[in-house]
Amino acid sequence: MGCTDPLPSRSPAALAAEGAVQALQGTKLADGGALQEFLSGAQHCSVVLICGPTLLSSGNLLAPDRATSLLATGSNTLVAACISSRRAKLLREAHPRQLEDAQAIAASAGCTALVCLPLLDGSAAAGSGDVPPCLGALTVGFPSDADITGAALKAALLLARTLVIEHRQALRDMAALVTSLLLPPAPARGNGPAAGGSEDEEGASGGSDFGGSNLGGSDFGGSGLVDADCWTTSDSESEEQQQQQEGLRQRQPRSGSGRAGQATSPTAVEAGGAGSQCGQGRLLTFSDSALERRFAVYHAVHMLGVDAAAYCICFLFFLMEAFLPCTPFRLAAKMGARCLLGPMGLAPGALLLSKRGRRWFRAHRDLALACTWLWTTGWMSLEVCNYLPYLDGAAFRNPLYLQSFGWLTVVGLAFQMRFRFQAVALVLAYSINTQLLPAVCAAHFSEQPAERCVLLGLLRVLLHGVLLPLACCYVFESHARRLFTSSPRRA
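For the sequence shown, position 147 matches number 147 in full-length UniProt numbering, and the numbering has no gaps at all.
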């Protein structure tokens, strides 16, 4: 703040930022109307700093009777969610009851629409590839959603950027001062000065102890923060960009300590207890339908490569069994043009060939795979009857062929919907297709008693064709849901 430029030459954003910082420090505003003029249409503006294990709130800088206050990091607040996720938050109209600061702002300033922006210190991580530390958050309130215009959003973003760029050190010093007043000096971890210096640097950085243990745990997570009708992020990204950013996030260093300079788990903040409410003992699903829909998109995006490979492999296998003369199938010669009906179940895979088709497939992945399951089950059970009229006894006795029911295992492993849908598809396909077991036993296993052959066949197919694919699907999806609830928010 030691700028020597004449006051008129300074930008409105710089004047507004200087006024905000001076108000936070308790000094007289350099220009009382600069902040109000810059944030035209806003009725609330507050700065929150991370001060060790707590938050320091400036109160409404646009109100003459404002008061600075402290917030607990575990409290259910909009700024806590913004700082933890390190993403801009836009709250429209409806206020979740659990957001204490949103309710207080609505009561005191009459704001029903809020914009909360994290104050990220990009210079601290420049060139290192680390996640930039978060100094705090800026909250701007408007009377209604209609007042959040493009110009108003731009002004809020510019103010947040100016605060970090021009007043970074002042904000750090303020946070360090409050932290030193709140906390006793930490004992040195070593005998030399290097150990103590490490602690001082962490304290001066402003909120190194502010982390996911407070925000991502049960104190905050179960607040019901997620509301699909009123929550959006300020940066709408395409799904392709999200995939690229996810790759960058996975390469960034992580730590379980949840320090302010490192990424925490915003989805755990949003989902909170949803990870524990995921039906681990039954059908995997989140109790929050909005969260489940976001997971469906997340799951579809990350399974896109697997789906493409599955469709390609199954199509190549069909070409082999239809046209390759060295196989025992030779469906083209035995069935004629009717064999071309077989790959119709793989038609949803053609959507993956175009960008628009991939977008639709991601949005309706379970439906597309259900169509593949339905057609394949009908084709194998009703049209070719597990190739019973086309193969000899040697093929049916091959242990890998599972008495002609091996297709259940292949399709069950290749085309994995979400677990609850996969379970229904496998059970239905098993129930329909095993109606052929008596005919298979009578045709190729006549040396065994019919009842024994059918019973053993049912057990074998249940084990390899239903339980094995379901177990794999359960393990893979459980892992995906854990990653989803502990990784940065996608949309």
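C-beta: ideal position from N, C-alpha, C; glycine also.
Using 10 angstroms around the beta-carbon of residue i, count the other beta-carbons present and answer buried if the total reaches 16, otherwise exposed.
i: Leu-382; result: exposed
i: Glu-18; result: buried
i: Ser-238; result: Confidence in Ser-238 is poor, its pLDDT being 46 and thus under 50, which makes the residue's placement too unreliable to answer from.
i: Glu-477; result: buried
i: Thr-327; result: exposed
i: Asp-392; result: exposed
i: Cys-339; result: buried
i: Met-320; result: exposed
i: Thr-179; result: buried
i: Thr-149; result: exposed
i: Asp-209; result: For Asp-209, the pLDDT reaches just 38, beneath the cut-off of 50, and the residue's location in the model is therefore unreliable, although a value from the coordinates is still provided. Label assigned to Asp-209: buried.
i: Gln-435; result: exposed
i: Gly-207; result: Note that Gly-207 scores 38 on pLDDT, short of 50, meaning its location in the model is unreliable; the coordinates nonetheless yield the value given after this. Gly-207 is buried by the Cβ-count criterion.
i: Pro-64; result: exposed
i: Val-427; result: exposed
i: Lys-355; result: exposed
i: Arg-452; result: exposed
i: Ala-394; result: exposed
i: Ser-57; result: buried
Which residues bound the alpha helix (DSSP H) around residue i?
i: Pro-438; result: 437 to 444
i: Ser-85; result: 78 to 85
i: Thr-485; result: 468 to 486
i: Leu-353; result: First-last for Leu-353: undefined, no H or E at that position.
i: Gly-412; result: 406 to 414
i: Val-178; result: 150 to 182
i: Cys-312; result: 304 to 323
i: Ala-146; result: Taken as a continuous stretch (DSSP letters only), Ala-146 belongs to no alpha helix (DSSP H), as it is neither H nor E.
i: Trp-375; result: 365 to 378
i: Ser-108; result: 100 to 109
i: Met-335; result: 331 to 335
i: Leu-388; result: Taken as a continuous stretch (DSSP letters only), Leu-388 belongs to no alpha helix (DSSP H), as it is neither H nor E.
i: Ala-347; result: Counting along the chain, Ala-347 falls outside any alpha helix (DSSP H), and DSSP gives it neither H nor E.
Considering just the uninterrupted stretch of the beta strand (DSSP E) at residue i, what are its terminal residues?
i: Leu-55; result: 54 to 57
i: Ser-46; result: 44 to 51
i: Leu-456; result: No beta strand (DSSP E) holds Leu-456; the alpha helix (DSSP H) holding it covers 450 to 461.
i: Phe-142; result: 134 to 142
i: Val-424; result: Where Val-424 is concerned, there is no enclosing beta strand (DSSP E), although the alpha helix (DSSP H) it sits in stretches over 419 to 433.
i: Cys-116; result: 113 to 120
i: Leu-90; result: 89 to 91
Compute the distance between the beta-carbons of residue i and residue j, then report whether it is under 7 Å.
i: Leu-159; j: Ala-363; result: no
i: Thr-409; j: Gly-465; result: yes
i: Gln-416; j: Val-440; result: no
i: Trp-373; j: Gly-342; result: no
i: Cys-116; j: Leu-78; result: yes
i: Leu-352; j: Ala-310; result: no
i: Asp-147; j: Gly-59; result: no
i: Thr-376; j: Gly-345; result: yes
i: Phe-286; j: Phe-484; result: no
i: Pro-53; j: Arg-86; result: no
i: Ala-332; j: Ala-322; result: yes
i: Lys-334; j: Tyr-401; result: no
i: Ala-137; j: Cys-82; result: yes
Under 7 Å Cβ to Cβ from residue i, same chain only, skipping five residues before and after it: list those, please.
i: Cys-472; result: Leu-413
i: Gly-197; result: Bear in mind that a pLDDT of 43 at Gly-197, under 50, signals an unreliable position, so the model cannot answer this.
i: Ala-13; result: Phe-38, Leu-158, Leu-159, Thr-162
i: His-299; result: Arg-418, Ala-480
i: Glu-166; result: Ala-14, Ala-17
i: Glu-292; result: Thr-285, Phe-286
i: Ala-443; result: Leu-388
i: Ala-423; result: Leu-283, Leu-470
For residue i, which residues in the same chain have their Cβ closer than 8 Å to its Cβ, ignoring the five residues on either side in sequence?
i: Asp-121; result: Pro-132, Pro-133, Cys-134, Leu-135, Val-164, Arg-168
i: Gly-281; result: With a pLDDT of 44 at Gly-281, under the threshold of 50, the predicted position of this residue should be treated as unreliable, and no value is reported.
Between residue i and residue j, how many whole angstroms is the CB-CB distance? I'm expecting something under 8 Å.
i: Ala-20; j: Val-48; result: So it is not a contact: roughly 12 Å between Cβ atoms.
i: Asp-366; j: Arg-418; result: 6 Å
i: Arg-420; j: Leu-283; result: 4 Å
i: Ala-370; j: Ala-425; result: 7 Å
Going along the chain, which residues of its own chain have a beta-carbon closer than 6 Å to the beta-carbon of residue i, five neighbours each way excluded?
i: Phe-405; result: Val-461, Gly-465
i: Leu-437; result: Val-454, Gly-457
i: Ala-450; result: Cys-441
i: Gly-141; result: Gln-43, His-44, Ile-105, Ala-109, Cys-111, Leu-114
i: Gln-36; result: Leu-62
i: Thr-4; result: Reliability of the predicted coordinates at Thr-4 is poor, the pLDDT of 44 falling under 50, and the value obtained from them is presented with this limitation in mind. No residues qualify anywhere along the chain.
i: Ala-152; result: Gly-41
i: Trp-407; result: Met-380
i: Arg-482; result: none
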